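Q: In order, the protein sequences belong to chains A and B. Heads up, the working numbering is the position in the first sequence plus 618, with the first residue counted as 1. Heads up, the working numbering is the position in the second sequence plus 2, with the first residue counted as 1. Structure in structure tokens, see below.
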Amino acid sequence: MFVVTTAYAQSNPTEGTNSETGALEGGAPASGVFPPFDSSTFASQLLWLAITFGLFYLLMSRVIVPRIGGILEHRRDRIAQDLDEANRLKEEADNAIAAYEQELADARKKASAIAETAREKAKAAAEAERASTEAELGAKMAEAEKSIAAIKTKALADVDTIAEDAATDVVKHLLGGSVTKAEVAAAIRAASGK
Amino acid sequence: MANDPISQFQIKNIVPIEIGGLDLSFTNSSLFMVATVGVAAGFLFMTTANRGLVPSRLQSISEMSYEFVASMLRDGAGSQGMRFFPMVFSLFMFVLVANLLGMFPYFFTVTSHLIITFALAMLVIGTVVVYGFWKHGLHFLQLFVPSGVPGVLLPLVVMIEVISFLSRPISLSVRLFANMLAGHITLKVFAGFVVSLGSLGALGVGTAILPLVMTVALTGLEFLVAFLQAYVFAVLTCMYLNDALHPGH
Chain A
619 MFVVTTAYAQ
629 SNPTEGTNSE
639 TGALEGGAPA
649 SGVFPPFDSS
659 TFASQLLWLA
669 ITFGLFYLLM
679 SRVIVPRIGG
689 ILEHRRDRIA
699 QDLDEANRLK
709 EEADNAIAAY
719 EQELADARKK
729 ASAIAETARE
739 KAKAAAEAER
749 ASTEAELGAK
759 MAEAEKSIAA
769 IKTKALADVD
779 TIAEDAATDV
789 VKHLLGGSVT
799 KAEVAAAIRA
809 ASGK
Chain B
3 MANDPISQFQ
13 IKNIVPIEIG
23 GLDLSFTNSS
33 LFMVATVGVA
43 AGFLFMTTAN
53 RGLVPSRLQS
63 ISEMSYEFVA
73 SMLRDGAGSQ
83 GMRFFPMVFS
93 LFMFVLVANL
103 LGMFPYFFTV
113 TSHLIITFAL
123 AMLVIGTVVV
133 YGFWKHGLHF
143 LQLFVPSGVP
153 GVLLPLVVMI
163 EVISFLSRPI
173 SLSVRLFANM
183 LAGHITLKVF
193 AGFVVSLGSL
203 GALGVGTAIL
213 PLVMTVALTG
223 LEFLVAFLQA
233 YVFAVLTCMY
243 LNDALHPGH
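If you want it as structure tokens, here you go:
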């Protein structure tokens, strides 16, 4: 694979310009070896690779990797922190909503309780008024009945007197005589079956 | 040169350095490694400088790549695997940016060289082996002994497991290397057809539309491959690290 002849290892850089495709055919010696298999350049390539890649590795491991790692870490922390904050605020908002709902329910309950008592009170007042009015009316009625009864008694009492007077007069007119009031009264009492 | 699909992989010295007979020159490959590191680290550094709580668009890209690799690693190797996060993240970003930079015309593709992808793969496997033995001691070798296998089959199964473990760095590196290499060669070949046909007169220009359409389509595909191979490399890294963390199947 590494067909490299040291004789051509000292290939001068311009040699490649003379070759057309000769170098393609397995490193034909006419124009030097196929450049990737030219061992004379290996030492220089290895040295410079070691220098440049070593430097690159140092830069990466000392500067770049910690820096980008730090940026990403910082961002991750910040996002986590913001999410926590958002969660906290959401919880706060939820609590506020719950408190509001609770208060609203309380207020509703209180309002309905007030309405209930007001209704009860009004009902009781109306009931009481009705009762007192009824009682008053009953009293008035009883009084009226009493006075009617008195009037009736009085009237009935008068009927006898009137009947005696009338009967005395009738007897006087018809018989010309005179009868005593006591006779007439006895007669009336007998007539009315008393 | 325009039609040579290989010249784009040619390594050219920019600043020649030689120490003890070893050629350690700063090359175009080195330049694009530096560019890869500069672009990747610079982008990640600048876009996260504000540390915005609400990310800007560019900061989101950095954060997305971070979380992409993190979830990949957590799924592949569990939460204990997160200790390897800087390594997996560096590998993913390095390979991804190197692949994507390679998509610019005239830019060199660092990951199109086997030695680079092999070195990265060996880094992964080396980490797995070292961490595995350090954490679990000889119990790490349980990795090669699946539980519940009948005694007769055990030698065969252990052999298969060992071979599959040894082939991991090869498959890991060759997959990335071959994908980048083949993709860039194909692109260059089809783009080369456009140029050669275009020089053939009116009929040629008319026909050149076909490879042009192909080149456009392949460019889109190559962007997908550039991302996909970085992803595959990182996912397999996570799976191999999982073996180091939990060797008993």
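Note that CB positions come from ideal geometry on N, CA and C, so glycine has one too. Predicted model, so just to flag it, every value in this text is computed and none were measured.
#1: Any Cβ of chain B within less than 7 Å of the Cβ of residue 694 of chain A?
#2: Between which two residues does the beta strand (DSSP E) holding residue 17 of chain B run?
#3: Interface residues of chain A around residue 88 of chain B at Cβ under 8 Å?
#4: Apply the 10 Å Cβ neighbour rule to residue 800 of chain A and answer buried if 16 or more other Cβ atoms are within range, or exposed otherwise.
#5: Would you call the region 112-120 of chain B and the region 90-103 of chain B in contact, with 3 or more CB pairs under 8 Å?
#6: With a threshold of 7 Å between beta-carbons, can residue 661 of chain A be considered close to chain B, or not?
#7: Please report how far the alpha carbon of residue 32 of chain B lies from the alpha carbon of residue 218 of chain B, in whole angstroms.
#8: How far does the alpha helix (DSSP H) with residue 735 of chain A in it extend, from its first residue to its last?
#9: What residue ranges within the region 76-157 of chain B form continuous alpha helix (DSSP H) runs of no fewer than 4 residues, ordered along the chain?
#10: List the endpoints of the continuous alpha helix (DSSP H) containing residue 244 of chain B.
#11: List, in chain order, every chain B residue whose beta-carbon is nearer than 7 Å to that of residue 658 of chain A.
#12: How about residue 138 of chain B: is its C-beta nearer than 7 Å to some C-beta of chain A?
#13: Looking at the strands, I want to know which residues DSSP matches up with residue 279 of chain B.
#14: Decide if residue 228 of chain B is buried, meaning its Cβ has at least 16 other Cβ atoms within 10 Å, or exposed.
#15: Alpha carbon to alpha carbon, how far is residue 123 of chain B from residue 19 of chain B?
#16: Using CA coordinates, which residue listed in B:127, B:209, B:93 is at the minimum distance from residue 38 of chain B?
#17: Return the CA-CA distance between residue 658 of chain A and residue 224 of chain B, expressed in angstroms with no decimal places.
#18: If you drop the 5 nearest sequence neighbours on each side, which residues of the same chain put their C-beta closer than 7 Å to that of residue 781 of chain A?
A: Judging by the given coordinates:
#1: no
#2: 15-17
#3: 675, 678, 679, 683
#4: exposed
#5: yes
#6: yes
#7: 29 Å
#8: 683-793
#9: 87-103, 116-138
#10: 211-247
#11: 25
#12: no
#13: As shown, chain B starts at 3 and ends at 251. That puts residue 279 of chain B outside it, with no answer to give.
#14: buried
#15: 27 Å
#16: B:93
#17: 29 Å
#18: 806
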